[in-house]
Amino acid sequence: MKAGFYQFTPLFGKKKENIKKVISAVKNADVELLVLPEFFATGYQFVSDEEVAELSEPAPNGDTTRALLELSLERGIYVVAGLPEKDGSRYYNSAVFTGPDGLIGVYRKTHLFFEETLYFTPGDTGFKVWDTKIGRIGIMICFDWFFPESMRTLALSGAEVVAHPSNLVLPFCPDAMPVRCLENRIYAVTANRIGIEHRKKEQSLTFIGKSEIVSPKGEILVRAPEDEEALMVTDIDLTTTRDKSLNPFNNIFKDRRPEQYGPFY
Ligand code: ACM
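Structure (structure tokens):
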């Protein structure tokens, strides 16, 4: 399966421009699963409830999801992309998953990062895996990676690939994902953004780029630069995720001993 990401600088509040940029950038990409960054069409650094309300959309009935559905249908591809989702009076940091046959699902970020906690409600969807024609695909969003439970839950639920829309500002994720992939024997596609947002006088956010695709053996198959736009695609073989054996004596799933993990797990 051909998996890829598009790393770029979303312009804050310029939804139409950002969507247009993405559609044009991926126009000729030979890709089956495309992952876009967290909040790819709106930008990241919200500074008020009003702004969140103005830029959030219902999923699937919002302009951003409609554009992604059209992209999926026209190109016959699967797309995972982050957006601020409005559901009644609540707002979620969500990712929509679209395919050639329509909307596949919505994931709402479980572990909110930093000032997202001021504006968004922690996700209530849980970690879901969708069985599609191109493979079993799970989603987590950015800071979710910091909690090993996120990818573990997806892997135990049968995920072969984790799509990981991100807006990373801390430096740790790109070098940590090989461990997440190795310990679960699955692929991950982290789609990060680049650029700086400085929408608050006292606070500037620099996004670290380095989007990457990592194999079940913990190999970084492709990695984007830290400060350049990049569209990268690589072939991944999902059959390699199905064997959880390390050697004739160890199977990383069968060897788990949840009964020994105490009352805190
Ligand atoms: C993050 O969760 N956007 C760091």
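Here our numbering runs 70 ahead of the position in the sequence shown, where the first position is 1.
Where is the CB? At the ideal position from N, CA and C, for every residue including glycine.
Secondary structure at residue i, three-state DSSP: helix, strand or coil?
i	result
K198	coil
N88	helix
L81	coil
S76	Reading off the sequence shown, one finds Tyr at residue 76, where the question assumed Ser. Y76: strand per DSSP, three-state reduction.
D119	helix
T135	helix
L316	strand
I209	strand
E127	strand
Give me the DSSP bridge partner(s) of residue i.
i	result
V149	L104, T168
L173	T168
L301	Y76
D157	R160
N98	Answer is none; N98 lacks a bridge partner.
R178	S164
R293	E282
Can you tell which of the options has its C-alpha closest to the C-alpha of residue i?
i	options	result
F190	L226, G288, K179	K179
L275	P170, P318, F82	F82
K86	Y76, T135, A258, V101	T135
Q115	L252, F183, P192	F183
G265	F110, D325, F323	F110
G74	R160, L139, V232	V232
V292	P248, L316, E272, V96	P248
V150	L106, E185, E140	L106
L308	A246, W215, A225, G196	A225
D157	V122, S236, E102	V122
K97	I147, G228, N237, T223	I147
L95	K84, T79, E108	According to the sequence provided, residue 95 is Ala. The question's Leu does not apply to it. Checked all of K84, T79, E108; the closest Cα to A95 is T79.
P204	P218, I93, P170	Reading off the sequence shown, one finds Ile at residue 204, where the question assumed Pro. The shortest C-alpha separation from I204 is found at P170.
G152	S164, L240, P244, G279	S164
Please indicate yes or no: does the CB of residue i lie closer than 7 Å to some heavy atom of the ligand ACM?
i	result
V150	no
L106	no
N254	no
F183	yes
F197	no
V239	yes
F217	no
C212	yes
In the region 213-291, which residue ranges form an unbroken alpha helix (DSSP H) of at least 4 residues, counting only runs that do not cross its ends?
218-226, 243-254
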